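These protein sequence lines map, in sequence, to chains A and B. Its first residue numbered 1, the first sequence is counted upward by one per residue in the numbering used here. Its first residue numbered 1001, the second sequence is counted upward by one per residue in the numbering used here. A virtual CB, placed ideally from N, CA and C, is assigned to each residue, including glycine. The structure displayed is predicted, hence computed values, not measured ones. Worksheet: one structure, shown below.
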Amino acid sequence: MKTGTAVKGILRIAFKLLVNDKGKFAALLVGITFAVFLMIMMTSMFSGILTRSSATVLNIGAKIWVMDPAVNTVANSIPMPDYVLDAVRSIDGVKYAVPLYSGGALVKLKSGAYQSVTVIGLDDSTLYGRPQLMAGKIEDIFAENAFVVVKDSEFRKLDNPEIGTEFEINDHKGIVVGTARVTTSGLFGVPTLYTTYSRAVTYIPSTRFTTAYILVEPKSDSDIPRIENAVKKLGYEALTKDDFIQKISDFYKYQTGLGINVMLMTVISFIVGLSISGQTFYTFILENLEKFGALKAIGSKGSELVSMILFQATFTALAGYGLGVGLATLIIVTAKLRLPDYAAQITYWNLFLAFVMVLVIAAISSYIGVRKVLKIEPFDIFRG
Amino acid sequence: MADLAVSAEGLAKWFGEGETRTFAVKEVSFEAYFGEILYIVGPSGSGKTTLLSMISGILRPNLGKVKVEDRDIWSLSDDQIADFRLNKVGFVFQDYHLFPRLTTVENVAIPLILKKMDWKEALDVAQQYLEIVGLADRAQLPPVKLSGGEQQRVAIARAIASRPDLLIFDEPTASLDGDTGKKILSFVKGHILNERRCIIIVTHDSRIYEYSDRIMKMEDGRLTGIVKGGSDEE
């Protein structure tokens, strides 16, 4: 006789009592799986949208972004005067700083159709933030009317252009000199064109100031706080890549209805899961209450009964969690194969959040069961 | 004279307080010995189940002492009482309380598993007890597939699997027809009772009185007499 095997024996009884009640076990699994599935789908969708909202920041990859403090998202830049670029370049700790143009334009395709595009203008002298080319040569971007097209899920909206394909952009001629891949597609469903900064400000009507962002490479990471302070004194804001992504995320979370809506749906999913699982588990406990009482009469201790119930609740929760994650992953992967614009992405944070919520469901369900079982008196078994 | 198995002294139990206080058992004293089958009989509400619960370590009396093998069981802690029930007492409940989701042999193995026996070893031992009650071939069936008499025998196998000194039966024939009830009691007397075991049975089924060594009569919570073999002894 070993203590470890004895605990295993009790838990094995608990396991058999649970899984051999196939109807209830299935109902419990369905409840938790459904809740996990919904929670992961909701939060994954939100996570995907947030990632896509920072697509330009991720794709350009600069360490520090200088911008107007009122900027909330990368797409809604507020142009800065040229002196800011010079001022930033003169800050101690700045290795180099380059301007970035980001704006929208209309492309007229050969078919005569118009298509909105995002134009990224890269610094002429460095092409800092350029994408990885799949076809063509990057130096061709300096050729007359040259543009590089990002080959992402929006690429087809430009009629799948090839190198040499011509189009009109704001009544200027444009020609595709390369196709590129980026790590993240944009949120708003429009194709992205890369060109030089000078061509972008020439071809696209703009305000008096044209620099959307200044991309800064610090000499070392320790220089970043100093650069941030110096930029702040200029009346502008310098954010690291991560801080800028966080700022964009915060905007969507707290200053649009997106965050609260997703949160509400996640909470509703949680409540649905809790209701189904809690109710089913409670019924399961009620149906077995006399049996637990009999176990108590035979000589089982309260702690052993509690461990049985906790095991049953935890096992169901983890099994449901695994099924829910698997189902959500399957749906998301399938959807992404069929729908290139599908934004959902499962992150460790989504998984962790769903896991915590499942544990809460298990804890609440088992708490109700434990209370019932601890209250049952073996004498009640005799009294029938 | 056989060894003393159970000694109850001035046992009383009441429920509620003040005006709502109701006495279930009033100052009952008796002794039970190893090697005997003692019946506790009486009409419904006479306190026999309450008395049975107090002597088996399930219900704490308000007054009095219960000594099992000269040990005052109600001086023990809750966990010690649970250990006492597990190691010293075997229960056969009126409704058997077998687990429908476990196989018959797993049901019998429950006390052994609670006694921290390895799962496989417990099943092997349980199988031996199923053989004793004549149900070895039913080992892998769920209890719901068994007849009432067979379920009763499974409950007996479970009760004796932990080799208890004291065996408690609560209305063992309540769910059985007359013949099956007699067969069960005959089996208990012939195969389960031994000189190191005391069996106490609560019943009001007079058809099985013949299997008793002594019969303790109760009424309104009081012990009204003890008879032997159906005839008044004291």
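In this chain, the alpha helix (DSSP H) harbouring M41/A covers K22 to S53.
Per DSSP, reduced to three states, the secondary structure at I224/A is helical. When the Cα atoms are used, G293/A and Q1094/B turn out to be separated by approximately 13 Å. Fewer than three pairs of CB atoms, one per stretch, sit closer than 8 Å, so the segment 306-324 of chain A makes no contact with the segment 134-143 of chain A. Relative to the Cα of G1057/B, the nearest Cα in the group K1120/B, L1011/B, L1102/B and L1098/B belongs to L1011/B. With its beta carbon at least 8 Å from every one in chain B, A35/A lies outside the interface.
Around the beta-carbon of K296/A, 16 or more other beta-carbon atoms lie within 10 Å, marking it buried. A Cβ of chain A is located within less than 8 Å of the beta carbon of S1053/B. The alpha helix (DSSP H) runs of length 4 or more contained entirely in the segment 1133-1168 of chain B are, from start to end of the chain, 1148-1161.
Counting along the chain, the unbroken alpha helix (DSSP H) around S1186/B starts and ends at G1178 to F1187.
Within the segment 18-32 of chain A, N20 and D21 place their CB atoms closer than 7 Å to a CB of chain B, listed in sequence order. Between the C-alpha atoms of E377/A and I260/A there is a straight-line separation of about 47 Å. When secondary structure is reduced to three states using DSSP, M263/A falls in the helix class. Partner residues in the beta bridge of G121/A, as assigned by DSSP, are Y101/A and T195/A. H1204/B is outside the set of residues whose beta carbon lies under 8 Å from a beta carbon in chain A. It is roughly 7 Å from the alpha-carbon of T1203/B to the alpha-carbon of D1170/B.
According to DSSP, residue pairing for Q246/A in a beta bridge does not occur. Under the Cβ criterion (8 Å, minimum of three pairs), the segment 1199-1218 of chain B counts as touching the segment 1040-1051 of chain B. Going by C-alpha positions, K336/A is about 57 Å away from Q1151/B. Within 10 angstroms of the beta-carbon of G1047/B lie 16 or more other beta-carbons, which makes it buried.
T211/A is classed as buried because its beta carbon has at least 16 other beta carbons within 10 Å across all chains shown. Sequence-distant Cβ neighbours of L239/A in its own chain, meaning closer than 6 Å and more than five residues away, are W65. Cβ-Cβ separation between F209/A and P79/A: approximately 4 Å, consistent with a contact (criterion under 8 Å). In this structure, the straight-line span from the alpha carbon of P99/A to that of A35/A is close to 47 Å.
DSSP, read as helix, strand or coil, puts P1111/B in helix. Listed along chain B, no residue sits closer than 7 Å to R371/A by beta-carbon distance, the nearest being about 17 Å off.
Proximity of D1124/B to chain A, defined by a Cβ-Cβ separation below 8 Å, is not satisfied. Taking C-beta separations shorter than 7 Å and ignoring five residues to either side along the sequence, the partners of V201/A in its chain run Y101, G121 and T210, following chain order. At a Cβ-Cβ threshold of 8 Å, V1006/B and V1068/B count as neighbours. In this structure, the straight-line span from the alpha carbon of F251/A to that of K291/A is close to 55 Å.
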